[in-house]
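UniProt numbering puts the last residue of the sequence shown at 358; the count rises by one with no breaks.
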Amino acid sequence: MRMMALWFPDWPIHAVALAGGLGPGHQTGHHLGPGHQTGHHLGQRPGQRDEELALVSNHRVWACSAAARRRGVRRGMKARAAQALSASLRLVERDNDRDARAFELVVEGLDSVVASVEVLRPGLAVVDAGAAARFHGGEERAAQLLLDAAALRGVDCLVGVAGSIETAVLAARQGQVVAPGADRDFLSGLPTQVLLAEESLACGRDTVAALCELGLSTLGEVARLPKGSVVTRFGQAGQRIHHIASGDLVRKVAPAWEGEPLDVRGTPPDPINRVDAAAFYARGLAAALHEKLRAAGVVCQRLKVTAVVNVAGNEQQLSRTWRTHEPLSEAATADRVRLKRPGFCSASYTGVSSLTRV
């Protein structure tokens, strides 16, 4: 089994640029594996500049541009402290919806290359590398096609390939292709703290800190511990960390649900091409799905959104799979239909739409 992760560093910063025309100002670089660099180097647009920009949440820096980091701005510092470092620093409120809307541009491109794309968060997606390689005649060829399809001017993309989703995500942060069967060797030298660098890994900060305090400074040291001892000491959080450190294949990309499907379907009376109309329609579908979930006594952490849309006069059925580590609320489910609906950027709903717990 081979998994491929595509990571777009500083995505929230790029989302601001895409939403408002601001250019981050560095070259586009698509990177595949150690020593390999693929894709386009498009340079700067006329008048583009590397702006000092920070995204703020609860009066603290949540993300910042490379230019801001060069001035000493760091994630987690107070907004006022960041402004004191540079009078030219621009502060923008964090907006998850903006990040997701912008990332839809990328995912639409990936959809044109592979059949199943799973979005872990805006700025990070995974695909089944084995299936893509078989269809396109090789892993490297498939990766190149995905990079080309996801290309956005001024935005870097790093690819990681490995035997599990979590290992591929960590490999993507280094632009590394891990050889088949070498996941554990790759992971063994990584610092334990790397688990906190990627939120989609969902590793508890307190548990990671406790492991580090015990002197387990690398993932290799964590993996060598007896799994039972880790679970006894740290519970489910420890079990997840041990799985990641060991390179275990916990799940596949967008796997098929083996139980009774829980889904809802609806057909809008008229084509939907406005955000407010989509919001109203999405709330109805979300409410119906969550009523079924409550009746079944289950929650939803992986949601498949499917819709018949009109793209440039042609009707198509498109779908998107979203995975979360916390159960989706009714409002969060509606958001994934309203803001991340398939074809958001270029289509309108015309036919049957469905939400499925997968």
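Ideal placement from N, C-alpha and C gives every residue a C-beta, glycine not left out.
| Query | Result |
| --- | --- |
| Go through the UniProt domain "UmuC" (45–172) residue by residue and report every complete run of the beta strand (DSSP E) that reaches 3 residues or more, in order. | 53–57, 60–64, 90–93, 117–121, 124–128, 157–162 |
| Could you tell me how far apart the beta carbons of glycine 109 and alanine 150 are, in whole angstroms, since I believe they sit closer than 8 Å? | 5 Å |
| Take arginine 323 and list the residues in its own chain whose beta-carbon comes closer than 7 Å to its own, dropping the five residues that flank it on each side. | Glu118, Leu120, Gln301, Arg302 |
| Assign proline 226 to one of two classes, buried (16 or more other C-beta atoms within 10 Å of its C-beta) or exposed (fewer than that). | exposed |
| Between which two residues does the alpha helix (DSSP H) carrying leucine 211 extend? | 205–213 |
| Tell me whether serine 229 is buried or exposed, calling it buried when 16 or more other Cβ atoms sit within 10 Å of its Cβ. | exposed |
| Kindly list the residues whose CB is nearer than 6 Å to the CB of glutamine 83, restricted to its own chain and excluding five residues on each side of it in sequence; keep chain order. | Leu89 |
| Look at the alpha carbon of aspartate 97 and the alpha carbon of isoleucine 13, and state the distance between them as a whole number of angstroms. | 13 Å |
| Would you decide whether valine 275 is buried or exposed? Buried here means 16 or more other CB atoms lie within 10 Å of its CB. | exposed |
| Assuming leucine 328 is part of the beta strand (DSSP E), what are its boundary residues? | Note, leucine 328: premise wrong, no beta strand (DSSP E); not H, not E. |
| What did DSSP end up calling aspartate 263 once you bin it into helix, strand or coil? | strand |
| Near phenylalanine 103, what residues of its chain come up, given a Cβ to Cβ distance below 6 Å and the 5 sequence neighbours on each side ignored? | Pro122 |
| Name the two residues that bound the continuous alpha helix (DSSP H) containing alanine 17. | 11–20 |
| Assign lysine 227 to one of three DSSP states: helix, strand, or coil. | helix |
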